[in-house]
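With mature numbering (1 follows the signal peptide of the UniProt record, and there is no 0) as the guide, the letters of the sequence shown map in order to residues -31 to -1, 1 to 105.
To start, the structure under review is shown below, and the notes come after it.
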Amino acid sequence: MAAQRRWPTSTLAAVAVAVVLAASAATTTEAQSAPAAAPGPAGPVLDQACLTALLNMSDCLTYVQNGSRARRPDKPCCPELAGLVESNPVCLCELLSGAGDSYGIAVDYSRALALPAICRVSTPPVSTCAGNQSPP
C-alpha cells in the first residue's frame, strides 16, 4: 500500500488560481455570442478535456474574481476543486504552463491562493509539471 503524499498549500493555491482562470474564461466565452471573425485566445490553449473539466469549477469564480465580497467560496466549489485534482491532475499542469492566462480573466490572486487552504485539498507539487504535462 502506497503512503499518501501531502503537498504544500502554496502549490495547491497556484493550481487553484489557474483552475479558476480557465473555468471563468470558458464560462464567459460560452456565454457571449461573438461574431465569426472574433479572434481566439492568444498563447497556449487548454485542450478540450481540460476545458470541460474546468468548466465544472465555475462555482469558485464568485470567490476569487476581482472585487468579490464573498467571505467563502460557494458550497460546490471545494468538491469541484477536489474532483478536478482527483480526475484530471494533468489539467493543473496545463493551467500552470499559462494556458489559462490567455483568456484574460481578472482574478484576485490573494483569494485564489487562499482557496486550497479553505478547501483542504492537496495537489501534486508544481515541480511534477516540469518537462512533462502529467503529474505522477
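Idealized CB from N, CA, C, for every residue including glycine.
Taking 9 Å as the cut-off, the Cβ atoms of residue 29 and residue 49 count as close. Distance from the CA of residue 76 to the CA of residue 98, rounded to the nearest whole angstrom, comes to 23 Å. Our two residues, residue 34 and residue 46, have alpha carbons roughly 13 Å apart in a direct line. Put simply, the backbone Cα of residue 90 is about 10 Å away from that of residue 53. For the pair residue 39 and residue 31, the CB atoms are nearer than the 9 Å cut-off. Cβ-Cβ distances below 8 Å link residue 57 to 18, 19 and 22 in the same chain, with the five nearest sequence neighbours on each side left out; the list follows chain order. A straight-line Cα-Cα distance of about 27 Å links residue 60 and residue 36.
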